[in-house]
Amino acid sequence: LLALLAVHPVFAQAPKALAVLDFSGSAVSPELSRTVRDLVEIELIRLGRHRVVERSRLASLLKEQGFQESGCVDGECAIRIGKLAAAELLVTGSVARLGSELVIMAKLTSVETGETARAARGTASSEEALIGGVTKLCLELVGPKGLEPAEPLKPLAPLPQGSEGSAATGPALVEEAGSAMRTMVERI
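So for the sequence shown, our numbering puts the first residue at -9; every next one is plus one.
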């Protein structure tokens, strides 16, 4: 019953808008940093947990405002970009070559509070193996669709009592549950 409530459209929360900013790079080419950023954006769209602000729309907004994302190196600057894009969440990150491995690191930040909500890391043994590292990173960052309820569940009311003081069972329980559901829907 709780699972049905969590996924029912009446109870589900609308997905938040999310923008993926440019990823910085260490010991990698700028092209590889851009590729990782694009792979992260595509994977977040594919996971479907959030509405993702398209890269072209973000670039257009920044150009209109005379803003250079590439010169943005601090959190406050990233928050301003998120607000321009009407995003509620930002993904910032970096990609680095450590020995023979590529390490992708990302943070999910609230535009409203500036707080980092989650951080994740993915690795790849080569550029050809980046997709697996990016998929792992994105799953850690936002989780697969349907993994969690849209909002925290509220405590359950005590079970209805039967005529002998024990919990209701059978048809009485079904009737009590139906009545509780109707009451919940009426309150909405």
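All C-beta atoms in this analysis are idealised placements derived from N, C-alpha and C, irrespective of residue type, glycine included.
Given the structure is predicted, the values throughout are model-derived calculations rather than measurements.
Identify whether residue i lies in helix, strand or coil by the three-state DSSP scheme.
{"i": "Val101", "result": "coil"}
{"i": "Gly72", "result": "helix"}
{"i": "Ala49", "result": "helix"}
{"i": "Gly112", "result": "strand"}
{"i": "Ser17", "result": "Note that residue 17 corresponds to Ala in the displayed sequence, not to Ser. Correct three-state label for Ala17: coil."}
{"i": "Glu31", "result": "helix"}
{"i": "Glu91", "result": "strand"}
{"i": "Arg41", "result": "strand"}
{"i": "Gly133", "result": "coil"}
{"i": "Gly190", "result": "The chain is shown only over -9 to 178; residue 190 falls outside these bounds and no answer can be derived."}
{"i": "Ala96", "result": "strand"}
{"i": "Ala119", "result": "helix"}
Would you tell me roughly how many angstroms separate the C-alpha atoms of residue i and residue j, rounded to the nearest one?
{"i": "Leu120", "j": "Val26", "result": "8 Å"}
{"i": "Thr125", "j": "Ala109", "result": "14 Å"}
{"i": "Leu48", "j": "Gly72", "result": "9 Å"}
{"i": "Arg87", "j": "Ala17", "result": "6 Å"}
{"i": "Lys53", "j": "Glu66", "result": "19 Å"}
{"i": "His40", "j": "Leu131", "result": "11 Å"}
{"i": "Pro5", "j": "Ser23", "result": "27 Å"}
{"i": "Ile35", "j": "Leu29", "result": "10 Å"}
{"i": "Ser50", "j": "Glu91", "result": "34 Å"}
{"i": "Ser183", "j": "Ser100", "result": "Past the edges of the chain, shown from -9 to 178, lies residue 183, and the structure says nothing about it."}
{"i": "Val81", "j": "Leu11", "result": "6 Å"}
{"i": "Ser14", "j": "Glu102", "result": "23 Å"}
{"i": "Gly104", "j": "Leu98", "result": "10 Å"}
{"i": "Ala107", "j": "Glu44", "result": "21 Å"}
Would residue i be called buried (16 or more neighbouring beta carbons within 10 Å of its own) or exposed?
{"i": "Ser46", "result": "exposed"}
{"i": "Glu33", "result": "buried"}
{"i": "Gly122", "result": "exposed"}
{"i": "Gly83", "result": "buried"}
{"i": "Ala96", "result": "buried"}
{"i": "Ala114", "result": "buried"}
{"i": "Ala206", "result": "The requested residue 206 is not part of the displayed model; the chain covers only -9 to 178."}
Give the single residue among the options whose Cα lies nearest to the Cα of residue i.
{"i": "Pro134", "options": "Ala17, Ile32, Leu37", "result": "Leu37"}
{"i": "Ala9", "options": "Leu34, Phe57, Ala77", "result": "Ala77"}
{"i": "Gly129", "options": "Leu22, Ala68, Ala4, Glu31", "result": "Contrary to the premise, residue 129 reads as Leu rather than Gly in this sequence. For the residues Leu22, Ala68, Ala4, Glu31, the minimum Cα distance to Leu129 belongs to Glu31."}
{"i": "Ala7", "options": "Leu22, Ala75, Phe57", "result": "Ala75"}
{"i": "Gln55", "options": "Glu44, Ser90, Val43, Arg70", "result": "Arg70"}
{"i": "Arg111", "options": "Glu117, Gly104, Val42, Ile94", "result": "Ile94"}
{"i": "Val42", "options": "Pro20, Ala68, Phe57, Leu79", "result": "Leu79"}
{"i": "Pro20", "options": "Val85, Leu127, Leu98", "result": "Val85"}
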